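So the structure is just underneath, and the comments pick up after that.
Numbering (the working numbering), first residue to last: 76 to 175.
Structure below.
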């Protein structure tokens, strides 16, 4: 029998909170997404999404960039290579944990 500590030790504490996990799941399905599309899909406020994206950016898991669109800029978000790998590893750790 495996100890629960061994199973949770592989979980990524940056990605694991529900909102950040949902953001990574959404972004894992696309190359990049507009901030508003992520916000609307996850049904969270601008400020909440900004806070979670900042945490993920600080960890090197997402990149944010602005593109001008007819006089105003739009923010786009993408998982970095490191972010994709960290998300995939986290999902695998969750699968192992739920199979124990």
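Note that CB positions come from ideal geometry on N, CA and C, so glycine has one too.
Note that the structure is predicted; figures quoted are calculated from it, not measured.
Secondary structure of residue 147 (DSSP, three-state): strand.
By the CB criterion at 8 angstroms, residue 153 and residue 102 fall inside the cutoff. Closest in C-alpha terms to residue 111, from the list 100, 124 and 99, comes 124. Here DSSP, grouped into helix, strand and coil, assigns residue 117 to helix.
Residue 86 sits in coil when the DSSP states are folded into three classes, being neither helix nor strand.
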